[in-house]
Structures are given as C-alpha cells and as structure tokens.
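Numbering (our numbering), first residue to last: 365 to 951.
Pasting the structure below:
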C-alpha cells in the first residue's frame with residue numbers, strides 16, 4: 365500500500381509487519397509490549413475520544429513527556445483527526461513553556477507526570493481555558509487521565525466520521541510544530557508536513573540493515589525531529605521499538621533488550637567509551653597491557669583497504685578485548701546511527717573496530733531532519749564526514765561555504781513568523797542552514813563549522829571553535845569545552861573535566877582533596893591539564909591554539925542550562941553565566 369500520510373504507517377504495518385511488540389515500554393519493572401493490533405485499536409479509540417471532545421482539524425494539541433508508548437498512541441491519534449501535534453521538550457524553562465503554549469494557541473495538553481506538571485502549573489493557570497484540558501499519562505489526583513479520553517472513544521465510536529476526516533487530509537498538511545531550542549530569543553515553531561517526514565523516512569530506511577525481527581532501543585527525546593522521524597522509519601520497516609527507562613539505566617536496558625540498532629548523539633558514545641577506559645585504568649600487569657594494546661588497535665582503525673597486518677591485529681584485539689566492549693551494548697548491534705552534533709573520528713574508529721558501525725548523519729529540524737548520512741554503499745562512509753546527500757535533496761555551497769538545501773523535506777516555514785521564514789529561505793527556495801561545509805572528492809559532505817559560531821580575533825583571524833573543541837574532547841579527562849576569544853588577542857577555553865576519570869587519576873597520583881573546587885585548583889591537576897592543552901594545540905595553527913584556560917567545577921547539563929536538549933553548547937548562556945571568568949582569561 366502507498367504511504368502518503370503518517371498515520372498510513374499503521375495500516376502499512378498491519379498489512380506487512382504485524383507483531384506482538386511493535387512498541388514496548390517498561391512499567392513497574394516489567395517490559396509491557398503493544399501488539400500492532402492493540403496499538404491501532406488504542407489509536408482509533410483515542411481519535412474517537414478527541415473528536416467527541418470537540419477537537420477539529422488544525423487544532424493544536426501539546427504533549428510534554430518522556431519516551432513511552434502512550435506518546436506514539438497520542439501522536440497518531442492527533443494526526444488521524446487532522447490536528448497538529450505540538451511536542452515540547454520536558455527540559456525547557458518556564459518562560460519557554462509560556463511562550464510556546466501561547467504562540468501555538470494550544471487547546472489541549474498531555475503531560476507524563478507530577479515532575480513536569482509542577483513545572484507548568486503556574487503557566488497553565490495563566491492561559492485561558494487550558495486548565496481544564498490537561499491530561500496525564502499517569503493517574504494523578506486532580507487531573508484527567510489519558511485513558512479517560514480512550515474510554516470516551518470506546519463509548520462514542522465514530523469510524524465513519526474518522527474515515528471521512530482521514531480522507532480529507534493531504535500530504536502537504538502540517539502535522540507538527542517543533543519549537544527549536546535556540547540559544548537566543550524566543551523558540552521558533554518549525555512547521556512540518558506529512559510529506560516532509562515521509563520523504564525523509566523513505567530515503568533513510570534503505571540505508572539501515574533491517575528485518576522485521578530487528579529491535580531498536582530508543583532513548584533520544586521523541587519531541588525532537590531526529591528521533592521522531594526515525595520512529596516513523598522503524599514503523600515503515602516493521603521494526604520493534606523499545607523505550608529506554610532513562611539515561612541512567614540505558615546500559616542496563618541495552619543488555620536486557622539486546623537491540624540490533626539504536627540512534628544516538630555523540631555524547632552518549634563518548635560516555636560509553638569513557639567508562640570502558642575507566643575499566644582499563646583499573647587493570648594491572650599483562651591485562652592492562654593487552655587492554656591498551658587493543659585500544660590502540662581500535663583507535664587506529666583502517667576503514668578503507670586495511671593491510672593484512674592490521675586485519676590480523678584487529679582479529680586478535682576483537683577476540684581478546686573488543687568483543688567484551690560490544691557485549692556491554694547488548695552484543696547484537698549491527699549499526700548505530702548518530703546525529704545532532706559532530707562525532708569525533710576517534711570515537712567512530714573505536715566503534716567500527718568493535719564491529720559496531722557508526723553511521724553519522726547531518727540535518728536540522730527545518731529539514732525533517734536528515735540532509736546527508738553515511739551508508740554502506742560505495743563511497744558511503746568516510747570517517748570525519750556525514751556521508752553523501754540523501755536522494756531527492758539538493759545541496760549546494762554558498763560563496764562563503766554555507767550549506768544551502770532544498771527539496772521535499774524542507775519545512776513549510778516558521779509558525780506565525782513569515783519574516784523569519786523569508787530570512788531562512790531565499791527566493792529560489794534554498795534554505796540557509798547556517799552551517800559551513802565542503803564536499804570530499806568522492807562526494808561526501810563534511811561539516812567544517814557553524815557560521816554564527818565563527819569568531820574573529822583582534823588580529824582579524826577567524827577561529828572555528830567547534831573544530832578545536834571536538835579535538836580537545838577526544839581526551840578522556842575532558843568532559844566538555846568551550847573555546848572563546850571574539851575580538852581578543854588569542855583563543856582561550858572553559859574546560860569541564862571528566863570528573864570520574866580525574867578522580868581516578870588523582871587517586872593514582874595520591875592527590876588529596878575534599879571538593880571538586882579544591883581538586884581543580886590543585887597544582888598537579890592544573891599542571892596535567894596544561895600538558896593536555898599543549899598536546900592538543902599541536903594540531904592547530906597559532907591563531908586557533910588555546911593560550912589560557914579555566915577548569916569548571918561541575919558538569920554542564922540540560923538541567924543547569926549550559927546544554928540544549930540535544931546536548932549542544934548554549935554558547936550565549938555560557939558566555940553570560942561565566943562572563944567574569946571569561947574576561948579574566950584575557951587579562
């Protein structure tokens with residue numbers, strides 16, 4: 365059957381890939397599966413319930429939730445009745461909630477539980493007619509429950525009316541508003557259509573090795589365009605989706621589920637590798653030597669035309685060490701798809717050596733999202749690039765190297781902001797991404813920086829901070845780093861240590877301390893980081909080298925405000941928060 369609207373994926377799955385665990389979430393310590401049949405029944409009943417409550421085509425319905433099967437059921441039910449799903453990050457500020465709910469003129473809202481309700485209760489109070497239209501996925505006193513709407517649909521079925529509405533829905537109709545997390549100003553509501561998502565789904569699905577028995581572990585936020593599109597792709601391919609309980613338990617969930625695939629951001633892969641190194645650092649004698657010999661073999665992985673000598677070393681390294689690393693990820697992974705930020709080439713090589721290929725992709729919310737992604741076809745992988753451009757998408761480079769793109773994946777525009785749409789999409793239909801890139805001779809796209817993140821030193825020299833940061837972050841003692849120096853005589857950096865590894869190093873050196881603040885001010889610790897900075901400076905020209913740095917005493921996170929929901933640096937926020945510290949680096 366032809367899939368032209370997102371909810372067509374349900375009938376497609378029923379016809380070609382019916383299964384007992386199309387979706388699966390963990391409840392009360394037990395994995396609870398949703399069969400294809402049950403999934404569709406719940407979606408239809410929820411649709412009937414929404415119609416009975418007066419939801420009309422074009423109405424905006426919001427969700428604020430962690431990953432769970434109810435999110436998918438709600439999503440499909442909203443789309444079937446022609447409404448628009450405003451899926452909001454659970455980690456944004458109260459002011460952003462206020463702005464989004466008002467800007468989108470949300471008529472109903474579904475929230476997962478108490479923690480999120482507490483964040484938005486005062487916001488809801490300020491929005492007319494919304495307070496009585498809040499539903500929860502958990503049964504909470506004083507609030508209506510998600511199941512009440514389903515029960516309303518069971519009591520008031522309207523299949524003919526639903527079928528009529530579904531027939532009227534066109535591929536170009538808007539299905540969602542995704543508010544970008546931006547670092548400045550108010551969030552922008554990206555309008556995406558059925559066609560936008562499905563063009564991307566059909567382009568990426570052939571790239572990933574799948575079969576109807578494959579399992580995916582999902583942990584990236586479903587409100588983000590990347591994971592959302594991939595969930596639709598898994599539906600299209602008939603793959604079972606298991607939702608991780610939370611980030612803290614993802615390693616345990618990987619071992620339980622033994623997935624064939626999972627989508628990730630580079631930070632999680634880096635954290636996994638850091639834990640591996642922490643284990644290696646505890647080894648002694650011959651075991652330690654074998655561990656780090658295998659690590660060196662992996663770090664120097666030869667993807668193209670490996671020599672016979674390297675192939676032999678890799679086989680030994682896998683047998684003695686690297687297979688255990690793969691077992692830590694469940695043991696069955698055939699591929700990891702990563703995006704949202706650039707992955708360090710060294711991390712890619714480590715995973716390839718583990719026999720877990722990493723396919724790196726690139727895109728934006730405005731492009732539904734994938735523009736380019738690595739693949740297993742000829743010239744499909746070149747470590748350090750994001751692979752070839754997807755079929756059906758046009759990409760060209762502006763004179764200054766900015767990546768421009770157009771095609772069926774491109775958004776309709778920004779909601780309630782035609783002036784911002786006109787700024788982003790030119791008269792010829794090219795979307796200006798704000799990213800800088802170049803093409804390799806074999807056709808792969810390489811991201812070289814972010815146009816707005818470039819800064820110029822006092823001597824008129826440009827620095828691309830992301831390139832410097834990515835190289836420095838290869839070190840296991842560096843958790844995060846932000847390079848600064850706009851208008852200054854040189855580049856400097858704020859460095860967040862990887863505190864787990866730093867504590868182990870301090871214990872090995874016999875360094876005593878009581879707090880993180882005391883530890884990072886210790887002369888031996890400062891001396892160690894000075895050596896690290898000197899080492900990584902060798903990879904860059906004089907202008908790009910970090911001349912001074914300051915260690916930060918706590919880990920940057922979404923909760924503390926330094927990272928976006930996709931774990932990118934919020935540079936403006938960090939610059940304001942550490943204004944005095946940054947200024948001291950240039951005195």
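Glycine included, C-beta positions come from ideal geometry on N, C-alpha and C. Note that the structure is a prediction, hence the values are computed from the model and not measured.
C-alpha gap between residue 471 and residue 459, whole angstroms:
For the purposes of this step, residue 471 is taken as the residue at position 107 of the chain shown. For the purposes of this step, residue 459 is taken as the residue at position 95 of the chain shown. Distance between the alpha carbons of residue 471 and residue 459 is about 19 Å.
Leaving out five residues on either side along the sequence, give the residues of the same chain with a beta carbon under 7 Å from the beta carbon of residue 806.
The sequence position of residue 806 within the chain shown is 442, counting from 1. Excluding residues within five positions, the ones whose Cβ falls inside 7 Å are 743 and 746.
Take residue 822 and list the residues in its own chain whose beta-carbon comes closer than 7 Å to its own, dropping the five residues that flank it on each side.
Sequence index remark: in the chain shown, residue 822 carries index 458 (1-based). In chain order, 851, 852 and 853 place their CB closer than 7 Å to the CB of residue 822, counting only its own chain and leaving out the 5 sequence neighbours on each side.
Below 8 Å, can you find three or more Cβ-Cβ pairs linking the segment 404-412 to the segment 447-463?
No: the two stretches stay apart, fewer than three of their Cβ pairs being nearer than 8 Å.
Assuming the contact rule is C-beta atoms closer than 8 Å, residue 383 and residue 400 should be a hit. Round their C-beta distance to whole Å, please.
Against the chain shown, residue 383 aligns to sequence position 19. Against the chain shown, residue 400 aligns to sequence position 36. Under the criterion of beta carbons closer than 8 Å, residue 383 and residue 400 qualify as touching, at roughly 6 Å.
Could I get the ranges of all uninterrupted alpha helix (DSSP H) runs contained in the segment 663-724, with 4 residues as the minimum, in chain order?
The segment 663-724 contains these whole alpha helix (DSSP H) runs: 672-681, 687-691 and 709-717.
Just to confirm the assignment: which complete beta strand (DSSP E) runs, minimum length 3, are found wholly within the segment 800-883?
Entirely contained in the segment 800-883, the beta strand (DSSP E) runs reaching 3 residues are, in chain order, 809-814, 842-848 and 855-861.
Roughly how many whole angstroms lie between the Cα atoms of residue 948 and residue 869?
Locating residue 948 in the chain shown gives position 584, counting from the first residue. Locating residue 869 in the chain shown gives position 505, counting from the first residue. When rounded, the distance between both Cα atoms is 28 Å.
So, residue 606 versus residue 665, is the Cβ gap smaller than 8 Å?
Your numbering for residue 606 matches position 242 in the chain shown. Your numbering for residue 665 matches position 301 in the chain shown. Cβ distance not < 8 Å, so residue 606 and residue 665 don't count as in contact.
CA-to-CA distance, residue 773 to residue 422, given in whole angstroms:
For the purposes of this step, residue 422 is taken as the residue at position 58 of the chain shown. For the purposes of this step, residue 773 is taken as the residue at position 409 of the chain shown. Between residue 422 and residue 773, the alpha-carbon positions lie close to 21 Å from each other.
Have a look at residue 547 and residue 917 and give me their C-alpha separation to the nearest angstrom.
Within the chain shown, the letter at position 183 stands for residue 547. Within the chain shown, the letter at position 553 stands for residue 917. For residue 547, the predicted structure reports a pLDDT of 47, less than 50, and the residue's modelled location is therefore unreliable. The matter cannot be settled from this model.
If you run the structure through DSSP and keep just helix, strand and coil, what is residue 547?
Translated into the one-based positions of the chain shown, residue 547 becomes position 183. Residue placement at residue 547 is flagged as unreliable, the pLDDT there being 47, under the threshold of 50; the coordinate-derived value follows with that caveat. DSSP places residue 547 in coil when its eight states are reduced to three.
Bridge partners - residue 426, DSSP secondary structure assignment:
On the chain shown, residue 426 is found 62 positions in, with the first residue counted as 1. According to DSSP, which records beta bridges pairwise, residue 426 is partnered with 450 and 473.
Buried/exposed call for residue 573, threshold 16 Cβ in 10 Å:
Mapped onto the chain shown, residue 573 falls at position 209. Taking a 10 Å sphere around the C-beta of residue 573, we find fewer than 16 other C-beta atoms and assign the residue as exposed.
Please classify residue 713 as buried or exposed, where buried requires at least 16 other C-beta atoms within 10 Å of its C-beta.
Taking the chain shown and counting its residues from 1, one reaches residue 713 at position 349. Per the 10 Å Cβ criterion, buried.
Assuming contact is defined by CB atoms lying nearer than 8 Å, are residue 543 and residue 452 in contact in what I supplied?
In the chain shown, the residue the question calls residue 543 occupies position 179. In the chain shown, the residue the question calls residue 452 occupies position 88. Result yes, Cβ atoms of residue 543 and residue 452 sit closer than 8 Å.
Is residue 886 helix, strand or coil when you go by DSSP?
The count along the chain shown starts at 1 and reaches residue 886 at position 522. Under the three-state reduction of DSSP output, residue 886 falls in the coil class, being neither helix nor strand.
Touch check for the segment 912-932 and the segment 858-866: three-plus C-beta pairs under 8 Å?
By the Cβ rule, the segment 912-932 counts as touching the segment 858-866, because three or more pairs are nearer than 8 Å.
Can you give me the Cβ contacts of residue 779 inside the same chain, cut-off strictly under 6 Å, excluding the 5 residues immediately before and after it?
On the chain shown, residue 779 is found 415 positions in, with the first residue counted as 1. Around residue 779: 541, 553 and 555.
Sequence-distant residues of the same chain with beta carbon closer than 7 Å to residue 660, five excluded per side
On the chain shown, position 296 is the one that residue 660 refers to. Taking C-beta separations shorter than 7 Å and ignoring five residues to either side along the sequence, residue 660 has no partners in its chain.
Just the Cα atoms here: how many angstroms apart are residue 426 and residue 437?
As a first step, residue 426 is located in the chain shown; it is residue number 62 there, counting from the start. As a first step, residue 437 is located in the chain shown; it is residue number 73 there, counting from the start. About 13 Å.
For residue 748, I'd like the list of residues in its chain whose CB is within less than 6 Å of its CB, leaving aside the five on either flank, ordered along the chain.
Reading the chain shown from its first residue, position 384 is the one you call residue 748. Residues 709 of the same chain have their beta carbon placed closer than 6 Å to that of residue 748, with the five preceding and five following residues left out of the count.
Residue ranges of each beta strand (DSSP E) run of no fewer than 3 residues wholly in the segment 885-940, ordered along the chain?
Runs of the beta strand (DSSP E) lying entirely within the segment 885-940 and spanning at least 3 residues, in chain order: 910-915.
Quick check on the DSSP output: the alpha helix (DSSP H) that includes residue 413 runs from which residue to which?
Numbered from 1 along the chain shown, position 49 holds the residue referred to as residue 413. DSSP places residue 413 in the uninterrupted alpha helix (DSSP H) bounded by 400-416.
Look up residue 625 in the DSSP assignment and say whether it is helix, strand or coil.
One-based indexing of the chain shown puts residue 625 at position 261. Of the three classes helix, strand and coil, the one that applies to residue 625 here is strand, per DSSP.
So what does DSSP say about residue 726, is it helix, strand or coil?
Here residue 726 refers to the residue found at position 362 of the chain shown. Under the three-state reduction of DSSP, residue 726 is assigned to strand.
Helix, strand or coil for residue 538, going by three-state DSSP, please let me know.
To locate residue 538, count along the chain shown from 1; it is residue 174. If DSSP states are grouped into helix, strand and coil, residue 538 belongs with the strands.
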